[in-house]
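The listed protein sequences correspond, in order, to chains A and B.
Residues in the first sequence are numbered from 1 upward in steps of one, following the numbering used here.
Residues in the second sequence are numbered from 1001 upward in steps of one, following the numbering used here.
Even for Gly, the Cβ is constructed at its ideal location relative to N, Cα and C.
These numbers were taken from a predicted model, which means no experiment stands behind them.
A quick write-up on the structure given underneath.
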Amino acid sequence: VSNVTPLTDLTASNLVIVAGKGGVGKTTVTAVVARAAADAGQRVLVVELDGKPVLDELLPEVEVRHISAADSLADYLVEHGFKRIAKRLASTGVIDVVSTAAPGIDDLVVLGKIKQLERSDEWDLIVVDGPAAGHAISFLTSAAGLRDAVRGGPVREQADDVLSMLGDPERCQVLLVTVAETTPVNELIETASAVEERVGVQLGPIVVNQIDGSAPPPDPAEVSFGRAKAQVDDAIAAALFSRARHEVQAAELARIDRAVPLPQVHVAAIPVTGLDAEHIAQLAAEFAL
Amino acid sequence: VSPLGTVVDGAEVVVCCGAGGVGKTTTAAVIGLEAARRGRQVVVVTIDPARRLADALGLPDGLTGEPQPVTVDDLDGVDGAGSLWAMMLDTPAMFERVVRRNASDDEQADRIVQNRFYRNMATALSGTQEYMASEALHELHDDERFDLVVVDTPPSRNALDFLEAPGVLTRFLDHKLFKLLMMPTRTGFKVLSTASQPLLRAIGRVVGSDVLADAVAFFQAFAGMEVGFRERAEAVTMLLHADATRFVLVASPQRETLVEAAWFADQLREQGFEVATTVVNRMHPQFGEGTAGEAHKRARAAAGRGDDRLAAIWANLGLLRSLAAAERAELAPLLDRVAAATVVEVPLLPNDVHEVSELDTLGTHLFA
């Protein structure tokens, strides 16, 4: 399995959209990429779409902006002729009706805001903590869907602008995140082919999070425990457990490599139950050149 | 007696909720399998295709929108032969069934399901998946083949999305815009009320007039069906609040996930729901009664003698024990909110679940 892609590959475009199934550490990877680029002297902006405050805590020295679909759509409608009832857009159901009539318009206006940031030249790199994998495809295909559905007007223009950003590898790439376990890898493989076939956006390296990079413990059958008796059974069980987890990891990494032949980036597992800003700095340091 | 055993034995509906990636689907399947072994007639509904689970259940063609019987050994429970069925939620198909049930005739139903606005709503409106999951739950609860329905919930950020789902469409119908569109005029529904015109023109400028025309046609076709939808929404809400409906909160031992689970538990309580059991999946095993420190001490001793292989074995035990202890410490905020007696810990298995015997292994921990 190819490994250790330099930072230059991770940040080859102006905009990096990080996507992956719930629980795989998408937010961690967003933070690590942003921190590594910031440490390398780049001007970095992080965009967060879920309203979670955690990125502000993980990246005390990087600017984090929170963009919500509902707010973006309300702003958009106000800019396009809804001034009179703007304050009551949500309560009158206009937002629901508009987003149902033109599905994906909420995603499109979020991408439109990101595109404005990308064009501003204020940043060398914008990292987006993207939607969970199930929603990643509809998020990324929103512009193509609306371009086909709407013949003219502001939505069509917005869709065209967003599509030219998504389709340009110098401007945008998608980092898919997974962990080396069966179900997340299944989902990664499905998402990777959908992104390539339906979205037309450049896939960056595959990021595999929570990799145990240590050597597995030796086979306990080949080790002499001497006279020790107490806890030997526990040590043997623990060794067999770790060896089995290592085997699953190796098999899944090989399966990713076969199904999605792209470079892989491995982010180390830190054996703690929750990461903080220092852990992010430590992980980011592994990408320093 | 396992808290989960008590929960399942008296339940007609089990709702598995929690954040994405914590093993909700697998937990739902294990609960279903165990209940079938106890003699229940169980159907498990998953939200997505869950291929690995379908494989584990011996369904090579995958889960479909209709319940399929699962063949498992030893299903003869104490109370007679149990059975297990599995299906996945087919949101558009379910939505069409709901429309056809409420329509006054085929012609009205056809007009709705062929409408582009309706099709967008069935596939893309946020909340539709939760809404249809709650409809499926009600439909299966009424199905005579089953006496227990186990549902996995969509991976939403908000526990309330599912609980409020039955009202999604009726809230839509309560919108001022809908009322304006449906306001009776002298010439009937065919002509839109003039009060809605400025609003509609503004929407039309943004999304285009074709798109708007579809939306208006949908609302007009819907006339007369609101009552049926409202009644059903109330029935589903009552079912969610029934004594025989139990909520199982699923989590994993990472700090962020546990914070989210604690928040879920608060939200459920505020809405008058009780978390019957909390399942914490993927806990690292403790490997005996000893401490991490003892294992590391032996590792240092072995290293001091130059036996690096033995040192690695003991260091590995120490590392796993520290992780297990750290995970247990992380459970504290959750335990503050739910009774400790109702928390079930499920160990991380050395291998991913690929076959029914591994589901059973998880079952022995869940129902220990």
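Whether residue i touches residue j by CB criterion (8 Å)
i        : j        : result
R156(A)  : V162(A)  : no
G153(A)  : R1205(B) : yes
R243(A)  : P217(A)  : yes
V177(A)  : A19(A)   : yes
T1237(B) : P1154(B) : no
H1138(B) : L1063(B) : no
D1106(B) : C1016(B) : no
E48(A)   : L55(A)   : yes
V260(A)  : I211(A)  : no
R1040(B) : G1082(B) : yes
A1292(B) : R1321(B) : yes
Helix, strand or coil at residue i according to DSSP, with G and I counted as helix
i        : result
Q1267(B) : helix
M1283(B) : strand
T1071(B) : coil
E170(A)  : coil
D257(A)  : helix
A244(A)  : helix
N14(A)   : coil
S2(A)    : Residue confidence for S2(A) is low, a pLDDT of 44 falling below 50, so the modelled location carries little weight; the figure read from the coordinates is stated next. Three-state DSSP puts S2(A) in coil, outside helix and strand.
R227(A)  : coil
W1314(B) : helix
H266(A)  : strand
P1347(B) : strand
Q1114(B) : coil
H1354(B) : coil
M1087(B) : strand
F1189(B) : For F1189(B), the pLDDT reaches just 46, beneath the cut-off of 50, and the residue's location in the model is therefore unreliable, leaving the point undetermined.
E1226(B) : helix
F1247(B) : strand
Residues near residue i in its chain [Cβ-Cβ closer than 6 Å; skip 5 each side]
i        : result
H1296(B) : G1318
M1283(B) : P1253, E1327, E1345, P1347
G1228(B) : N1102
H80(A)   : P154
G12(A)   : First, the residue type needs correcting, since residue 12(A) is Ala and not Gly in the sequence shown. No residues qualify anywhere along the chain.
L1163(B) : Q1271
Spatial distance of residue i from residue j (CA atoms)
i        : j        : result
T1361(B) : P1285(B) : 14 Å
R1097(B) : A277(A)  : 50 Å
A239(A)  : A268(A)  : 20 Å
I126(A)  : K52(A)   : 18 Å
E1256(B) : L1249(B) : 15 Å
V1338(B) : L1199(B) : 48 Å
G1188(B) : G1208(B) : Bear in mind that a pLDDT of 46 at G1188(B), under 50, signals an unreliable position, so the number given afterwards is only what the model happens to contain. Looking at the two C-alpha atoms, the distance is approximately 26 Å.
P1049(B) : D1061(B) : 11 Å
A1301(B) : E1294(B) : 11 Å
V97(A)   : G25(A)   : 34 Å
S361(A)  : G1010(B) : Beyond the ends of chain A as shown, which are 1 and 289, falls residue 361(A); an answer cannot be given.
Q42(A)   : V33(A)   : 11 Å
A1280(B) : A215(A)  : Sequence inspection shows Val at residue 1280(B); the Ala mentioned does not correspond to that position. One C-alpha to the other measures close to 28 Å.
L15(A)   : H66(A)   : 16 Å
S1043(B) : D1110(B) : The identity of residue 1043(B) in the sequence shown is Val, whereas the question assumes Ser. Distance between the alpha carbons of V1043(B) and D1110(B) is about 30 Å.
I1112(B) : I1203(B) : 21 Å
L1026(B) : V94(A)   : Note that residue 1026(B) corresponds to Thr in the displayed sequence, not to Leu. The alpha-carbon atoms of T1026(B) and V94(A) are separated by roughly 39 Å.
V1013(B) : V1149(B) : 5 Å
Residues near residue i in its chain [Cβ-Cβ closer than 8 Å; skip 5 each side]
i        : result
T1342(B) : P1003, V1275, A1276, T1277, T1278
V1356(B) : L1033, A1056, L1057, G1058, V1072
I280(A)  : T28, A31, V32, R35, L58, L59
Proximal residues to residue i (C-beta, below 7 Å), its chain only, five neighbours per side dropped
i        : result
L1335(B) : V1343
L146(A)  : A102, G104, I105, L108, V155, A159
L262(A)  : L203, P205, I206
A136(A)  : A19, G130, T191
A1136(B) : V1045, L1089, M1094
A1299(B) : A1311, W1314, A1315, G1318
Near the ligand ZN: residue i beta-carbon under 7 Å from a heavy atom
i        : result
E1226(B) : No copy of the ligand ZN appears in this structure; indeed no ligand is present at all.
Practice prompt. Name, going along the chain, the residues of the segment 4 to 35 of chain A whose beta-carbon falls closer than 7 Å to a beta-carbon of chain B.
Written response: K21, G22, G23, V24
Worksheet item: Listed from N- to C-terminal order along the chain, which residues in the segment 1052 to 1076 of chain B have their beta-carbon within a distance smaller than 9 Å of any beta-carbon of chain A?
Response: R1052, L1053
Fill in: Interface positions of the segment 1331 to 1352 of chain B facing chain A (Cβ-Cβ less than 9 Å), listed along the chain
L1348, L1349, P1350, N1351, D1352
Practice prompt. Give, in chain order, every residue of the segment 1246 to 1259 of chain B whose Cβ lies closer than 9 Å to some Cβ of chain A.
Written response: S1252, P1253, Q1254, R1255, E1256, T1257, L1258, V1259
Practice prompt. Return the residues of the segment 259 to 285 of chain A that lie within a Cβ-Cβ distance of less than 7 Å from chain B, sorted by chain order.
Written response: P271, V272, T273, G274
Discussion item. Any C-beta of chain A within less than 7 Å: which residues of the segment 1299 to 1317 of chain B qualify?
Written reply: R1309, L1310, A1312, I1313, W1314, N1316, L1317
Worksheet entry | Contact list for the segment 1018 to 1042 of chain B against chain A, Cβ threshold 7 Å | A1019, G1020, G1021, V1022
Worksheet item: Any residues in the segment 238 to 250 of chain A with a beta carbon nearer than 9 Å to a beta carbon of chain B? Which ones, in chain order?
Response: A238, A239, L240, F241, S242, R243, A244, R245, E247, V248
Discussion item. At a CB distance below 7 Å, what residues from the segment 64 to 83 of chain A approach chain B? Give them in sequence order.
Written reply: L77, H80, G81, F82
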